[in-house]
Amino acid sequence: MEEVKRQQVFEPVYHYVDDGREHGLLSRFEPGVRVLEAGYQVASMFKPLPMPIVFEKDAAVRMRDGVTIYVDVFRPTGQEKVPVIVAWSPYGKSGGTAPRTVKLFNVLGMDNSMLSGLAKFEGPDPAYWCSQGYAVCNPDARGVAHSEGNIHMIGTQEGRDGYDLIEWLATQDWCNGRVALSGTSYLAFSQWFIAAEQPPHLAAINPNEGLSDAYRDLCMRGGMPDLAFTKRLQINHVNANASALREDVYEEALRNPLANNSVWADKIPKFDRIIVPAYVVASYSNTLHTQGTFRAWRRMASEAKWLRIHNSQEWPDYYDAHSTEDRLLFFNYYLKGDKNGWAKTPQVRYAVLDLEGNDRLEQPAESFPPGDITDVKYYLDGMRRTLSPQAPEQELKATYCTETGLDLSDPNSSDPGKVSFIVRFEKETVVVGYPKVHLWVEAEGADDMDLFVLVQKLDCRGNHLAQFLVPNQGAIMGDLTEHGASVLRYKGSNGRLRVSARHLDKQLSTDTVPAHTFDRVEKLKKGEIVEVEIDMLPIGMVFYPGEQLRLVVSGKNDLGAIMPGNPAFAPENKGRHVIHTGGSRASYIQLPVKGG
Numbered sequence: 319m320e321e322v323k324r325q326q327v328f329e330p331v332y333h334y335v336d337d338g339r340e341h342g343l344l345s346r347f348e349p350g351v352r353v354l355e356a357g358y359q360v361a362s363m364f365k366p367l368p369m370p371i372v373f374e375k376d377a378a379v380r381m382r383d384g385v386t387i388y389v390d391v392f393r394p395t396g397q398e399k400v401p402v403i404v405a406w407s408p409y410g411k412s413g414g415t416a417p418r419t420v421k422l423f424n425v426l427g428m429d430n431s432m433l434s435g436l437a438k439f440e441g442p443d444p445a446y447w448c449s450q451g452y453a454v455c456n457p458d459a460r461g462v463a464h465s466e467g468n469i470h471m472i473g474t475q476e477g478r479d480g481y482d483l484i485e486w487l488a489t490q491d492w493c494n495g496r497v498a499l500s501g502t503s504y505l506a507f508s509q510w511f512i513a514a515e516q517p518p519h520l521a522a523i524n525p526n527e528g529l530s531d532a533y534r535d536l537c538m539r540g541g542m543p544d545l546a547f548t549k550r551l552q553i554n555h556v557n558a559n560a561s562a563l564r565e566d567v568y569e570e571a572l573r574n575p576l577a578n579n580s581v582w583a584d585k586i587p588k589f590d591r592i593i594v595p596a597y598v599v600a601s602y603s604n605t606l607h608t609q610g611t612f613r614a615w616r617r618m619a620s621e622a623k624w625l626r627i628h629n630s631q632e633w634p635d636y637y638d639a640h641s642t643e644d645r646l647l648f649f650n651y652y653l654k655g656d657k658n659g660w661a662k663t664p665q666v667r668y669a670v671l672d673l674e675g676n677d678r679l680e681q682p683a684e685s686f687p688p689g690d691i692t693d694v695k696y697y698l699d700g701m702r703r704t705l706s707p708q709a710p711e712q713e714l715k716a717t718y719c720t721e722t723g724l725d726l727s728d729p730n731s732s733d734p735g736k737v738s739f740i741v742r743f744e745k746e747t748v749v750v751g752y753p754k755v756h757l758w759v760e761a762e763g764a765d766d767m768d769l770f771v772l773v774q775k776l777d778c779r780g781n782h783l784a785q786f787l788v789p790n791q792g793a794i795m796g797d798l799t800e801h802g803a804s805v806l807r808y809k810g811s812n813g814r815l816r817v818s819a820r821h822l823d824k825q826l827s828t829d830t831v832p833a834h835t836f837d838r839v840e841k842l843k844k845g846e847i848v849e850v851e852i853d854m855l856p857i858g859m860v861f862y863p864g865e866q867l868r869l870v871v872s873g874k875n876d877l878g879a880i881m882p883g884n885p886a887f888a889p890e891n892k893g894r895h896v897i898h899t900g901g902s903r904a905s906y907i908q909l910p911v912k913g914g
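Have a look at this one:
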């Protein structure tokens, strides 16, 4: 930890507006215990409570180093001892009623009345869980709001603080000694770090879509410094004490662009120490979280672990009635000892998307990818622009310009910034698992390349199919997702790589999932042709007879930013990109084909 501290960068916190509105309607600092009676509403837009709830507000919890954090605890009335679910994040323990949360859910078409307003943003709703015999703890993490100390963003410190909170909760006279973690996004990836600390009273975790490597998933995906969302996340780092500090991960990324640094090592959980029962929820479509969620699922050491892959966006899925009841079965089994048959749940339940309204959900399997998957190579043909199981005998080039547009002197030149390759399926083909792209590439007029790859589904007539992931599918959502907000509209599996960061990690790479060290910069020499392997987001897709798969190789970030209002990453390309195909340089995409 000492080396990590030397590398960390801290800046003054942002100002905490203590007006009982900006950070939620119950955000004022008011320590005490009261009962919220049945029918209580935080505000008229939220669901009334179905039962009375004990609300212990701003309870002080002392960490091992003497720092005090403050938590809100909601629990059922009565004398029965209950388990507790913790929602760990820096977003404010009353954030469910903050104006930005209410507005966000309205834009997405999510009715705020589905929740009580007592839930932390992205966390479990106490109204439901207390009615099922659980307590819910919403902490303000170290340095947030009125909690003492400096804010740490992702890493061992949060893991240790989570450990200390869990052990405090387990000793309360209303608790049965069993504690769980649940939530989406930040509330998911904090769970990896807390579980890796192995708190004795942590009984189960339920991460729903959360990154698991701050370097590879958040700041430098593909070795590219895509930092706009990192900067946006940090505006949540507010404290009432103006002298408090916040960790500036944005600045740490600028100072440490390579992954071989103690700061980045500290922001990867110790997967081999995660041994607690886990119910992991993922999707194929979350351009921020998918890669990290599946990585954690693969590498965590838990013997009792389940994976469900849905076809929606994290927030609608998390609060969906079926998903919530499923989560209840899991928690009842591990936190209450109910013999409810949860252990017989298939280890994996996956979705197969068709992007035409007939997705196949809850497909059971013993593993992911399922056992009947065969990895099939489809080779790029630079002349015909096709994908085929047979590599072209002749070496062919496909080129595109990254700066000046269409090159009419080159018959193989594409529109500015991309080339694509297509295969039409003659019979129904289901692709489930980890695709990857293996390319031979060359840069003309540059010493590096930012490459973006995208797998699209086309209908029989060549139209690109996509799918909204939130209830609002109207004009505004169409505008927001046309060239951005990629987590809200699924357009296909994607990947990216800066070619100078192509060095593979031989210990972690497999034939299906390449992993990169990101510990060196290997610029291209003039005329040099190199091999690159690009990992793509997992996929579950069915192609009906006559439908097509299109692989797009681009020098542009066509998907745009992950969320509305965030600037898209601007690649540093110049000159021309050359994709070599066929002959001794046979580029291909490897697809996990069911029954192939």
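The numbering used here applies: residue 319 is where the sequence shown begins, and numbers increase by one. For each residue, glycine too, the CB sits at the ideal point set by N, CA and C.
So, with DSSP's three-state summary, where would you put residue i?
| i | result |
| --- | --- |
| Phe-439 | coil |
| Asp-768 | strand |
| Trp-486 | helix |
| Met-859 | strand |
| Tyr-346 | This sequence places Arg at residue 346; Tyr is not what is there. Correct three-state label for Arg-346: coil. |
| Asp-479 | helix |
| Lys-775 | strand |
| Ile-592 | coil |
| Phe-649 | helix |
| Thr-548 | helix |
| Arg-807 | strand |
| Glu-570 | helix |
| Ala-316 | Outside the shown range of the chain (319 to 914) lies residue 316, about which nothing can therefore be said. |
| His-821 | coil |
| Ile-586 | coil |
| Asn-456 | strand |
Give every residue of the same chain whose Cβ lies closer than 7 Å to the Cβ of residue i, excluding the five residues on either side of it in the sequence, and list them in chain order.
| i | result |
| --- | --- |
| Asn-526 | Gly-501, Thr-502, Ala-506, Val-599, Glu-632, Tyr-636 |
| Asn-875 | Phe-770, Ala-886, Phe-887, Pro-889 |
| Asp-777 | Leu-783, Glu-865 |
| Tyr-358 | Pro-366, Leu-367 |
| Tyr-568 | Leu-545, Thr-548, Lys-549, Gln-552 |
| Lys-508 | The question names Lys, but residue 508 in the sequence shown is Ser. Around Ser-508: Trp-406, Ser-407, Glu-476, Gly-480. |
From the DSSP output, which residues share a beta bridge with residue i?
| i | result |
| --- | --- |
| Ala-498 | Ile-403, Ala-522 |
| Ala-377 | Val-389 |
| Ser-738 | Val-870 |
| Thr-692 | Val-911 |
| Tyr-533 | BP columns for Tyr-533 are empty, so no partner. |
| Leu-783 | Lys-775 |
| Glu-760 | Val-896 |
| Asn-557 | His-333, Ala-463 |
| Tyr-602 | Tyr-602 pairs with nothing; no bridge assigned. |
| Gly-845 | None, per the DSSP bridge assignment. |
| Leu-576 | Answer is none; Leu-576 lacks a bridge partner. |
Return the CA-CA distance between residue i and residue j, expressed in angstroms with no decimal places.
| i | j | result |
| --- | --- | --- |
| Gln-866 | Glu-800 | 21 Å |
| Leu-783 | His-640 | 27 Å |
| Leu-576 | Thr-835 | 9 Å |
| Leu-673 | Pro-789 | 15 Å |
| Gly-735 | Ala-558 | 48 Å |
| Thr-605 | Glu-398 | 43 Å |
| Arg-626 | Gly-410 | 28 Å |
| Thr-375 | Val-750 | The amino acid occupying residue 375 in the given sequence is Lys; Thr does not appear at that position. Going from the Cα of Lys-375 to the Cα of Val-750 covers about 46 Å. |
| Pro-882 | Ala-793 | 14 Å |
| Gly-796 | Ser-362 | 30 Å |
| Pro-753 | Gly-350 | 53 Å |
| Arg-564 | Val-322 | 15 Å |
| Asp-829 | Pro-682 | 24 Å |
| Val-379 | Phe-347 | 15 Å |
| Ala-437 | Lys-654 | 22 Å |
| Lys-585 | Ala-356 | 42 Å |
Please go through the same chain and pick out, in chain order, the residues whose beta-carbon is closer than 8 Å to the beta-carbon of residue i, but skip the five residues on each side of it.
| i | result |
| --- | --- |
| Glu-746 | Val-860, Phe-861, Tyr-862, Pro-863 |
| Arg-816 | Gly-540, Gly-541, Met-542, Asp-766, Met-767, Asp-768, Leu-769 |
| Val-353 | Pro-370, Ile-371, Val-372, Phe-373, Thr-395 |
Excluding sequence positions up to five away, which residues of its chain have a Cβ less than 6 Å from the Cβ of residue i?
| i | result |
| --- | --- |
| Glu-721 | Lys-892 |
| Leu-520 | Ile-484, Val-497, Val-594 |
| Lys-852 | The sequence given here has Ile at residue 852, not Lys. Once the five neighbours on either side are set aside, the close Cβ partners of Ile-852 are Val-755, Val-771, Gly-813, Leu-815. |
*If we count Cβ pairs, one from each stretch, closer than 8 Å, do we get three or more for the segment 737 to 746 versus the segment 856 to 873?*
yes
*Taking one C-beta from the segment 900 to 907 and one from the segment 701 to 717 each time, how about it: are there three or more such pairs within less than 8 Å?*
yes
_Three-pair Cβ contact test at 8 Å for the segment 638 to 657 versus the segment 600 to 619_ = no
*Cβ contact check for the segment 463 to 472 and the segment 485 to 495: 3 or more pairs under 8 Å*: no
*asked:* Does the segment 377 to 391 come into contact with the segment 521 to 537, if we say contact requires no fewer than three beta-carbon pairs (one atom in each stretch) closer than 8 Å?
replied: Contact between the segment 377 to 391 and the segment 521 to 537 is not established, with fewer than three Cβ pairs separated by less than 8 Å.
*If we count Cβ pairs, one from each stretch, closer than 8 Å, do we get three or more for the segment 412 to 421 versus the segment 332 to 346?*
yes
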